[in-house]
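A.B. asks: Quick note on my numbering: the sequence shown kicks off at 967 and runs consecutively.
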Amino acid sequence: MNVLKFGGSSVANSQNIEKVVQIIANEAAKNQLIVVVSAFGKTTNKLIEAAEQAAQNNANYLDGYKEVELLHSEVIETLVSKNQQEEVKNHINSLFKQLRTLLEGCYLLKEITPKALATISGFGELLSSYIIANIANKEVDAVYKDSRELIITSNTFDKAQVDFALTNANCNAFFTHNQQQVTILPGFIARTKEGEPTTLGRGGSDYSAAIYAAAVNADELQIWTDVSGMYTANPHLVKQAFPVSHISYQEAMELSHFGAKVIYPPTIQPVLHKEIPIRIKNTFEPENAGTVISKITENGKPVKGISHIENITLLTLEGSGMIGVSGISKRLFETLSAHNINVVLITQASSEHSICVGIYDEDAEKAALKINEAFAFEIERHKIDPIRVEQGLAIIALVGDNMRNHQGLSGQMFSSLGKNNVNIRAIAQGASEKNISAVINSSDAKKALNTLHEQFFEEKVKQVNLFVTGVGNVGERFLAQIHQQKKYLKEHLKLNIRVVAISNSKQMIFDEKGISLKSWKEQLQDGEASSLEHFFQRTKALNLRNSVFIDNTANQKVSEVYEHYLTNNIGVVTCNKIACASELENYKKLKYISRKYSAPFLFETNVGAGLPIIDTLKNLIASGDRVHKIQAVLSGSLNFVFNNFNESTSFHDVVQQAQEEGYTEPDPKIDLSGVDVARKILILARESGYELELSNIENNAFLPKKSLETTNNADFYTSLIEFENHFQQLYKEAADNNCRLKYVAEFNDGKASVGLQHIPFDHPFYNLEGSDNIVLFFTDRYPVNPLQIKGAGAGADVTASGIFADVIRIGNQ
Ligand code: ADP
Ligand code: ASP
Ligand code: MG
């Protein structure tokens, strides 16, 4: 025999009830069933509201009643067979008549007694069970039974205590003789020994089902609801929550006591003793496995779920007169218990100077009054302060049987709440360590639930926030690459890369939530006026975790602001060589600040664009290798120029082409004069641990003096035409020697030089194509055959990908 319970949302309308009947039919084909149903949808709420309105003499009290009546007649019209309709309608109408008379009574008397409220609120189940039994009869052999004839309780009316001896005897007597395949009963309602109607408390249909399951020794108790099981947290509040496949009775009990409404807390008690498993299933997705609650504790995650209770009041009793005086807590709890006040949480500091209890808001006023009365003598003598009442609070709880075997969970819980600015008012952790709870402000509850869920159940995604300056060739490609790879990075590297700011020399835009990379150009056009200082101040003020300033320019002024970013713990990634090739002192200072403020400073693209040259060098040095000699062709633009220049081309045209294809610096003279290459070998030497200045690098320039002295691009290009013969002569000399011209950078024994060299055909540099770069590192570990890195060394795409790689390095740190 199985017991199935269908909650309010499962029977909220005709469509849902059809699903329920289908489930009953499927299950009845396998087992004899007891089916417990709740009231349709929100019927109970509406009945209670109508009763309260009537008692307040509000003439609109019948509005809710009428909605309830309409819903029930719609279901009867739609689902009850034609030949049964009259009989069902008659029965239901007589129930509605009684209900209306009771409501009228409250209206006239202007009051509602607990007994009347229990009677009125129980009508929902009386109606729903009778109608569903009739509808189910079309599919299965079903009989209806009124729970008030079986479940006997105390006469507290609301949340009445079950008399298990009488109830079990009634159930045994009835179910032993009842051979019907399906018995349908109302949940929630019961009666006293004297026959007065009572209820089992809000959400109590789960409990009714558990009482039957225990009484008949059912094989399984199934709770059919609107979610696919017990979730790691309330799925309506935590988007990332997921159903747990298996939890223990204790865990389920803790979770439900601390607010996981999916199961009414007392439900577990009766089935726990009989070890009957509870299965939570989704009426709307019956194929989902749901959650099994049983005796077994699953070894796995120490934290099984997070739940929370709203509407909590914290009462604090304190005073110097409490220390060492026995019996204070006894008197406090006796007072609360004498007035039926439920205590949700208790904490007491070891000094005994104060006791703190968490109760529901609805009890706060009464509790404060009664406690102040109980301690009036001590309060008058200033031994104890009047009770302190703090409202608008919530309790949040971590639950798991295995938490006691894991160290540091409470530390993680409180530090993650602290980092997210959630103020903790009180803490409780039972000695069994199945539950760690904290009292927090209600307004923080959702943030706290999500923070803890992220901490204990989700794979961590690291957010990296980029502030991008410079959107020329390289910057534009960089943004395009980020846009394209965003999803991949999130899925595979658990990195959420967001571009928070973009600027060029004129405008800038900021968006704390991340700029749309589809439309950044249009947005930037309408951006505010930018300045380096303003951009920095805005970036600093946002104070986002993992912030990185990206410099895609070749601008001296931009290179001068790195220091501000780094000292504010904002990383810097740059393809701009100026900072690293500036005075040694400045280079060393930036590296020092980067370490001191834990702000990464990465500039892989300063040498060889996207080629992993600096990173490789850093790894060699870090692992204890020493660099003796470096030979390199480091100018993609010069390599392009000398690969394309010959007796049938003009030097001017080839340089112009190199610039058009994006291989040169904005000022091509920086490349052709050898300054750019000198900067690169300087950076490599410095990264190898040598202390050099740019002036120490011997620059054997091949440009005529007049070209070197030009001050703008137009004059520079004109001078190239003027000296075409000079360039042709350089070419011819090399060709006559069967050599190719390469602009080579060398570092050897602490000295560095750059200049044009004749490269014979058997040299590794001879066949260097297009704009490729090559570096040979001769080190302790690579003394004869050098470590070689070769590949495209210029171009917007590869440079952008090198910047990208630096960003990923920061993300992976
Ligand atoms: P029913 O009407 O079927 O009795 P309830 O509304 O009483 O359903 O319980 C189901 C609801 O419990 C879910 O819709 C969800 O909002 C809430 N809930 C709270 N905590 C949890 C949790 N940890 N797992 C699943 N549901 C939860
Ligand atoms: N209908 C009752 C309520 O809403 C009982 C239940 O649904 O479990 O509280
Ligand atoms: Mg419920």
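C-beta: ideal position from N, C-alpha, C; glycine also.
What is the C-beta distance between TYR1110 and TYR1096, in whole angstroms, given that I count them as a contact (C-beta under 8 angstroms)?
C.D. replies: As a position in the sequence shown, residue 1110 is number 144, starting the count at 1. As a position in the sequence shown, residue 1096 is number 130, starting the count at 1. So it is a contact: roughly 6 angstroms between Cβ atoms.
A.B. asks: Three or more beta-carbon pairs under 8 angstroms between the segment 1575-1587 and the segment 1748-1763, yes or no?
C.D. replies: Touching, yes, given that three or more Cβ pairs across the two stretches are closer than 8 angstroms.
A.B. asks: Under the three-state reduction of DSSP, which class applies to PHE1089: helix, strand or coil?
C.D. replies: Walking along the sequence shown from the start, residue 1089 turns up at place 123. PHE1089: helix per DSSP, three-state reduction.
A.B. asks: Quick one: Cα of ASP1410 to Cα of ILE1361, how far?
C.D. replies: Counting from one through the sequence shown, the residue named residue 1410 turns up at place 444. Counting from one through the sequence shown, the residue named residue 1361 turns up at place 395. Whole-angstrom Cα-Cα distance: 10 angstroms.
A.B. asks: Within a Cβ cutoff of 6 angstroms, which residues of the same chain sit near GLN1473, ignoring the five residues on either side of it in sequence?
C.D. replies: One-based indexing of the sequence shown puts residue 1473 at position 507. Taken in chain order, the residues that qualify are LEU1490, GLY1493, SER1496.
A.B. asks: Terminal residues of the continuous alpha helix (DSSP H) containing ILE1177?
C.D. replies: Taking the sequence shown and counting its residues from 1, the one referred to as residue 1177 is at position 211. That run of the alpha helix (DSSP H) goes 1171-1181.
A.B. asks: Closer than 6 angstroms to a non-hydrogen atom of the ligand ASP - does that hold for the CB of PHE1154?
C.D. replies: Counted from its first residue, the sequence shown places residue 1154 at position 188. Yes, Cβ of PHE1154 sits closer than 6 angstroms to a heavy atom of the ligand ASP.
A.B. asks: What do you reckon, are the CB atoms on ILE989 and PRO1252 nearer than 7 angstroms?
C.D. replies: The residue given as residue 989 occupies position 23 in the sequence shown. The residue given as residue 1252 occupies position 286 in the sequence shown. Closer than 7 angstroms, so yes.
A.B. asks: Under a Cβ-count criterion, where at least 16 other Cβ atoms within 10 Å of its own Cβ denotes burial, should LEU1075 be classed as buried or exposed?
C.D. replies: In the sequence shown, residue 1075 corresponds to position 109, counting from 1. It counts as exposed.
A.B. asks: So for THR1233, helix, strand or coil by DSSP?
C.D. replies: On the sequence shown, position 267 is the one that residue 1233 refers to. Helix, per DSSP.
A.B. asks: Hey, quick one: how far does the alpha helix (DSSP H) through SER1303 stretch, first residue to last?
C.D. replies: The sequence position of residue 1303 within the sequence shown is 337, counting from 1. Element bounds for SER1303: 1294-1304.
A.B. asks: What residue from GLN1429, GLY1537, HIS1319 has the CA that sits closest to TYR1563's CA?
C.D. replies: On the sequence shown, residue 1563 is found 597 positions in, with the first residue counted as 1. When each option's Cα is compared against that of TYR1563, the closest is GLY1537.
A.B. asks: Keeping to the same chain, check which residues put their C-beta closer than 8 angstroms to that of GLU1529; ignore five residues upstream and five downstream.
C.D. replies: Sequence index remark: in the sequence shown, residue 1529 carries index 563 (1-based). Here the set comprises LYS1555, LEU1556, ILE1559.
A.B. asks: In the DSSP output, what is PHE1713 paired with across the bridge?
C.D. replies: Counting from 1 along the sequence shown, the entry for residue 1713 is found at position 747. According to DSSP, which records beta bridges pairwise, PHE1713 is partnered with ILE1596, ALA1718.
A.B. asks: Assuming ILE1321 and SER1295 form a contact by the criterion Cβ under 8 angstroms, report the distance between their Cβ atoms to the nearest whole angstrom.
C.D. replies: By one-based count along the sequence shown, residue 1321 stands at place 355. By one-based count along the sequence shown, residue 1295 stands at place 329. Right, the Cβ-Cβ distance comes to about 6 angstroms (below 8 angstroms), so this counts as a contact.
A.B. asks: As a quick exercise: from ILE1687, HIS1348, THR1313, LEU1302, pick the residue whose alpha carbon is nearest that of ALA1330.
C.D. replies: To locate residue 1330, count along the sequence shown from 1; it is residue 364. The residue with the shortest Cα to Cα distance from ALA1330 is LEU1302.
A.B. asks: Roughly how many angstroms separate the alpha carbons of ARG1504 and CYS1541, rounded to a whole number?
C.D. replies: Against the sequence shown, residue 1504 aligns to sequence position 538. Against the sequence shown, residue 1541 aligns to sequence position 575. Whole-angstrom Cα-Cα distance: 22 angstroms.
A.B. asks: For GLU1284, does the three-state DSSP call read helix, strand or coil?
C.D. replies: Taking the first residue of the sequence shown as 1, we reach residue 1284 at position 318. Of the three classes helix, strand and coil, the one that applies to GLU1284 here is strand, per DSSP.
A.B. asks: Applying the criterion that 16 or more other CB atoms from any shown protein chain within 10 Å of the CB defines a buried residue, is ILE1601 buried or exposed?
C.D. replies: Here residue 1601 refers to the residue found at position 635 of the sequence shown. It is worth fixing the name first, because residue 1601 is Ser in this sequence and not Ile. It counts as buried.
A.B. asks: Based on the DSSP output, what are the partners of GLN1754 in its beta bridges?
C.D. replies: As a first step, residue 1754 must be located in the sequence shown, where it is residue number 788. Note: GLN1754 sits in a beta bridge opposite LEU1742.
A.B. asks: The ligand MG and GLY1256: does the residue's C-beta get closer than 6 angstroms to at least one heavy atom of that ligand?
C.D. replies: The residue given as residue 1256 occupies position 290 in the sequence shown. No, the beta carbon of GLY1256 sits no closer than 6 angstroms to any heavy atom of the ligand MG.
A.B. asks: Output needed for THR1519: all residues of its chain with C-beta closer than 6 angstroms, excluding positions within five of it in sequence on either side, in chain order.
C.D. replies: For the purposes of this step, residue 1519 is taken as the residue at position 553 of the sequence shown. Taken in chain order, the residues that qualify are GLY1436, ASN1542.
A.B. asks: Helix, strand or coil: how does DSSP classify ALA1333 here?
C.D. replies: Position 367 of the sequence shown, counted from the first residue, corresponds to residue 1333. Helix, per DSSP.
A.B. asks: Which first and last residues belong to the alpha helix (DSSP H) in which LYS1270 is found?
C.D. replies: In the sequence shown, the residue the question calls residue 1270 occupies position 304. Counting along the chain, LYS1270 falls outside any alpha helix (DSSP H), and DSSP gives it neither H nor E.
A.B. asks: Skipping 5 residues on each side, what residues in its chain have a beta carbon closer than 8 angstroms to that of ILE1687?
C.D. replies: Taking the first residue of the sequence shown as 1, we reach residue 1687 at position 721. Closer than 8 angstroms at Cβ, skipping near neighbours: SER1616, HIS1618.
A.B. asks: Under three-state DSSP, which class holds MET1474?
C.D. replies: For this step, residue 1474 is matched to residue 508 along the sequence shown. Three-state result, MET1474: strand.
A.B. asks: Can you tell me which of the three DSSP states ILE1289 falls into?
C.D. replies: In the sequence shown, residue 1289 corresponds to position 323, counting from 1. Three-state DSSP puts ILE1289 in coil, outside helix and strand.
A.B. asks: To the nearest angstrom, how far is it from the Cα of SER1661 to the Cα of LYS1523?
C.D. replies: Counting from one through the sequence shown, the residue named residue 1661 turns up at place 695. Counting from one through the sequence shown, the residue named residue 1523 turns up at place 557. Computed Cα separation, rounded: 21 angstroms.
A.B. asks: Using a Cβ-Cβ cut-off of 7 angstroms, state whether PHE1743 counts as contacting chain C.
C.D. replies: No chain C is part of this structure, which consists of one protein chain only.
A.B. asks: Taking all protein chains shown into account, do 16 or more other C-beta atoms lie within 10 angstroms of the C-beta of TYR1732, making it buried, or fewer, making it exposed?
C.D. replies: The sequence position of residue 1732 within the sequence shown is 766, counting from 1. The residue is exposed, with fewer than 16 neighbouring Cβ atoms inside 10 Å.
A.B. asks: Given LYS1456, which residues of its chain have a CB within under 7 angstroms of its CB, disregarding the five upstream and five downstream residues?
C.D. replies: Your numbering for residue 1456 matches position 490 in the sequence shown. Excluding sequence neighbours, LYS1456 sits near VAL1427, ASN1462.
A.B. asks: Identify the continuous beta strand (DSSP E) that holds LYS1510 and give its terminal residues.
C.D. replies: For the purposes of this step, residue 1510 is identified with residue 544 of the sequence shown, where counting begins at 1. Looking at the sequence itself, residue 1510 is Leu, so the reference to Lys does not match. Per DSSP, LEU1510 belongs to no beta strand (DSSP E) and is neither H nor E.
A.B. asks: Near the ligand MG, which residues have their beta-carbon less than 5 angstroms from any of its heavy atoms, given in chain order?
C.D. replies: Those residues, listed in chain order, are GLY973, GLY1169.
A.B. asks: Helix, strand or coil: how does DSSP classify GLU1551 here?
C.D. replies: The count along the sequence shown starts at 1 and reaches residue 1551 at position 585. Helix, per DSSP.
A.B. asks: On the CB-based measure, 16 or more other CB atoms within 10 Å of its CB, does TYR1027 come out buried or exposed?
C.D. replies: Here residue 1027 is taken as the residue at index 61 of the sequence shown, counted from 1. Buried: at least 16 other Cβ atoms inside 10 Å.
A.B. asks: Would you give the residue range spanned by the beta strand (DSSP E) that ILE1312 belongs to?
C.D. replies: Counted from its first residue, the sequence shown places residue 1312 at position 346. Taken as a continuous stretch (DSSP letters only), the beta strand (DSSP E) holding ILE1312 covers 1309-1314.
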